[in-house]
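In this note's numbering, the protein residues as written are 571 to 1038. Glycine residues also receive a C-beta, built at the ideal position from the N, C-alpha and C atoms. Keep in mind it's a predicted model, so treat the numbers as computed, not measured.
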Amino acid sequence: MKITFWGAAKQVTGSMHLLTLDNGYKILIDCGMNYEQKKELNETAFDFPFNPGDIDLVVLTHAHIDHSGNIPTIVNRGYKGQIICTEPTLELSKHLLFDSANIQMNEFKYLYNRAPKHRKKQVPRPIYLEREVAVAMDKVVTLPFNKKFKVADNISIELIEAGHLLGAASVVVEYEFEQRTTRIGFSGDLGRDHAELIRTPQPMKDLDYLICETTYGGRKHTSSELAEVEMMKYIEQTITKIGGRLVIPAFSVGRTQSIVHVLCRLAKKGLLPPVKVFVDSPLAIKSTHVYTKHPELLNSQATQFLNQHGDLFDFEGLKWIDNLDRHDQLLQYTDSCIIISAAGMVEGGRIQEHVKNNIQNPFSTILIAGFCAEGTLGHKLLSGQKHINIKGKEFTIYSTISRTDVFSSHPDKDEIFNYINACKTKKLKKIFLVHGDEPNLVAMQDTLVKAGIQGVEVPNMGEEFNLV
Ligand SMILES: [Zn+2]
571 MKITFWGAAK QVTGSMHLLT LDNGYKILID CGMNYEQKKE LNETAFDFPF NPGDIDLVVL
631 THAHIDHSGN IPTIVNRGYK GQIICTEPTL ELSKHLLFDS ANIQMNEFKY LYNRAPKHRK
691 KQVPRPIYLE REVAVAMDKV VTLPFNKKFK VADNISIELI EAGHLLGAAS VVVEYEFEQR
751 TTRIGFSGDL GRDHAELIRT PQPMKDLDYL ICETTYGGRK HTSSELAEVE MMKYIEQTIT
811 KIGGRLVIPA FSVGRTQSIV HVLCRLAKKG LLPPVKVFVD SPLAIKSTHV YTKHPELLNS
871 QATQFLNQHG DLFDFEGLKW IDNLDRHDQL LQYTDSCIII SAAGMVEGGR IQEHVKNNIQ
931 NPFSTILIAG FCAEGTLGHK LLSGQKHINI KGKEFTIYST ISRTDVFSSH PDKDEIFNYI
991 NACKTKKLKK IFLVHGDEPN LVAMQDTLVK AGIQGVEVPN MGEEFNLV
């Protein structure tokens, strides 16, 4: 039996782990888009490091594109089997993948139309089209949490609640061979304790091997219990005191729902000043409907709130902006307000317009509420530079740029350590740390070794390990 790390090894994106069992059965856990190589991704350059037709089963932990983004590609390249995930993951993946296909097509058209005639052929084509997303989504079989599902003789899959995002799962593969049972657990992306809407990750039991995410293996976050206090701080500074504008770049799926729910809590307590709150993202609107459809997956605090108020995301002054006309109208709106829009790293989408509109306003605050990869506009804003180039135009920054980690959807170093400890039993032989950059991976490896936990590996991209 062996495992090969084909993605998210010593980096955060592109999750793709291949498990080959002794009888040759091949299970691929996640098939994500690798952003750290995005510029090389085009139809000719992108290829799988294995034959997609040889894979027997694909399991998807959750909907985020760095885990799901190449599902249409693998189907397109010859994968014939089923794709297993939870129902909310299927629903959110559909929205995200159709959106991704759409963005790729728009990028292609933009570049194609601007390329000189002799270079048009070199413009990278979309990796997949909308119709290919539809074909891939037809292969999905959904499973509930905590139910063992037999996928072949002596092989079963169980999905365990991972927090992080609605429907996000950890995956336990159980394999019986020569009267021995081996259990391999993939954490997928984990959530935090006391998250705004969803439950705390559930540890996996009786594992022989654990593959664990380590996005923030070396960092301590502000406790998520303080989300309301933290949000109020920025509202008071920007809205109440100076009548300014609070602009929050946020991922449409997961982050936006957390922020809107916290604002809803503040509104119901009568703490929100009487300004309009705009959520300018069609994808966020669709994803919020999926959250509303699955009250059974909410944590007790959110369930209580829902029972009391009848809605998690609705309060006076909240405006969801769907079509472009209303987005254009919002760009003309000059009053004090809160604007939440995507993309979270400010690398595209409608938020760029709002940042452009507010960057020279000393009464505006741009509050970065999530991870911003190096090279992204969000990262540049946080670097403290005085000028910034947005869509080819230079701006002097007069607005306040702030950052909060209170809405992080990944556990911090203490939460990861506690999770690993909760999964750890005497039979656990090895822990593989993935989905983190090297400093975070090494920090967690050190923490575990210092705590006397043996067999902690930090795999390289493409590295293969025998599981005996
Ligand atoms: Zn994720």
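Assign Gly-594 to buried or exposed, taking buried as 16 or more other Cβ atoms, counted over all protein chains shown, within 10 Å of its Cβ.
exposed
Pick helix, strand or coil for Glu-866, following the three-state DSSP scheme.
The answer is helix: DSSP assigns Glu-866 an H, G or I state.
Should Thr-574 be labelled buried (16 or more other beta-carbon atoms within 10 Å of its own) or exposed?
Buried.
Straight-line gap, Ala-738 to Asn-683 (C-alpha atoms, nearest Å)
Rounded to whole angstroms, Ala-738 to Asn-683 spans 39 Å at the Cα level.
So, at 8 Å on beta carbons, what are the nonlocal neighbours of Gly-651 in its own chain, with the 5 sequence-adjacent residues on each side left out?
Ile-625, Asp-626, Leu-627, Val-628 and Lys-709
For ligand 1, is there a heavy atom less than 6 Å away from the beta-carbon of Asp-759?
Within the chosen limit of 6 Å, ligand 1 reaches the beta carbon of Asp-759 through at least one heavy atom.
Suppose the cutoff is 8 Å on Cβ atoms and the five residues either side in sequence are ignored; what does the same chain contact list for Glu-613 look like?
Residue confidence for Glu-613 is low, a pLDDT of 47 falling below 50, so the modelled location carries little weight; the figure read from the coordinates is stated next. Only Pro-694, Arg-695, Pro-696 and Ile-697 meet the Cβ criterion.
Distance cut-off 6 Å: His-634 Cβ against heavy atoms of ligand 1
Flag set: Cβ of His-634 near ligand 1.
Can you check DSSP and say which residues form a bridge with Val-1004?
Val-1004 is bridged by DSSP to Glu-783.
Measuring only the C-alpha atoms, how far is Pro-658 from Val-860?
7 Å
Would you report the Cα separation of Leu-894 and Ser-953, rounded to the nearest angstrom?
31 Å
Cutoff 7 Å; reference Pro-622; Cβ partners in own chain excluding five residues on either side:
The answer, listed in chain order, is Ile-644, Arg-647, Gly-648 and Tyr-649.
Start-to-end residues for the alpha helix (DSSP H) that takes in Asp-659
Going by the sequence as given, residue 659 is Thr instead of Asp. First-last of the alpha helix (DSSP H) with Thr-659: 657-684.
Spatial neighbours of Pro-932 within its chain, please: CB distance less than 7 Å, with the 5 preceding and 5 following residues excluded, ordered by chain position.
Tyr-968 and Ser-969
Can we say the segment 968-982 touches the segment 929-943, given the rule of at least three CB pairs closer than 8 Å?
yes
Roughly how far, in whole angstroms, is the beta-carbon of Gly-788 from the beta-carbon of Asn-1010, given that I think they are within contact range, below 8 Å?
With 8 Å as the limit, Gly-788 and Asn-1010 qualify as a contact, their Cβ atoms being about 5 Å apart.
Going by the beta-carbon positions, is the gap between Lys-718 and Ser-726 smaller than 7 Å?
Closer than 7 Å, so yes.
What is the residue span of the beta strand (DSSP E) that Ala-739 lies within?
739-747
Quick one: which unbroken alpha helix (DSSP H) runs of 4-plus residues sit fully inside the segment 804-853? Chain order, please.
825-838
Beta strand (DSSP E) segment containing Glu-731, residue limits
725-731
Compare the Cα-Cα distances from Phe-678 to each of Leu-699, Ala-722 and Gly-761 and report the closest residue.
Leu-699
DSSP state of Asn-1036 mapped onto helix, strand, coil:
strand
Evaluate contact between the segment 755-768 and the segment 802-812, counting only Cβ atoms and requiring at least three cross-stretch pairs below 8 Å.
Taking a contact to require three or more Cβ pairs closer than 8 Å, the segment 755-768 and the segment 802-812 do not qualify as touching.
Given this structure, state the Cα-to-Cα distance separating Asn-640 from Thr-810, to the nearest angstrom.
45 Å
Taking Arg-825 as the reference, give the member of Glu-1034, His-1005, His-634 and Pro-714 with the closest Cα.
Measuring from the Cα of Arg-825, the nearest candidate turns out to be His-634.
Rounded straight-line distance, which links the Cα of Leu-998 to that of Asp-1016
18 Å
Completely contained beta strand (DSSP E) runs for the segment 964-1036, where each covers 3 or more residues
With a minimum length of 3 residues, the continuous beta strand (DSSP E) runs that stay inside the segment 964-1036 are 970-973, 1000-1004 and 1034-1036.
The segment 762-781 contacting the segment 815-829, beta-carbon criterion three pairs below 8 Å
yes
As an exercise, report each continuous beta strand (DSSP E) stretch of at least 3 residues that is fully enclosed by the segment 861-921, in chain order.
888-891 and 907-911
Thr-752 and Asp-723: beta carbons closer than 7 Å?
No, the Cβ-Cβ distance between Thr-752 and Asp-723 is not below 7 Å.
Residues in its own chain within less than 7 Å of Thr-559 by CB, not counting five upstream and five downstream?
Nothing can be reported for residue 559, as the shown portion of the chain is limited to 571 through 1038.
With 16 other Cβ atoms within 10 Å as the buried cut-off, status of Gly-602
The residue is buried, with at least 16 neighbouring Cβ atoms inside 10 Å.
Across which residues does DSSP place Leu-937 in a beta bridge pair?
Ser-972
Go ahead and label Ser-870 buried or exposed: buried means 16 or more other beta carbons lie within 10 angstroms of its beta carbon, across all protein chains shown.
Exposed is the call here.
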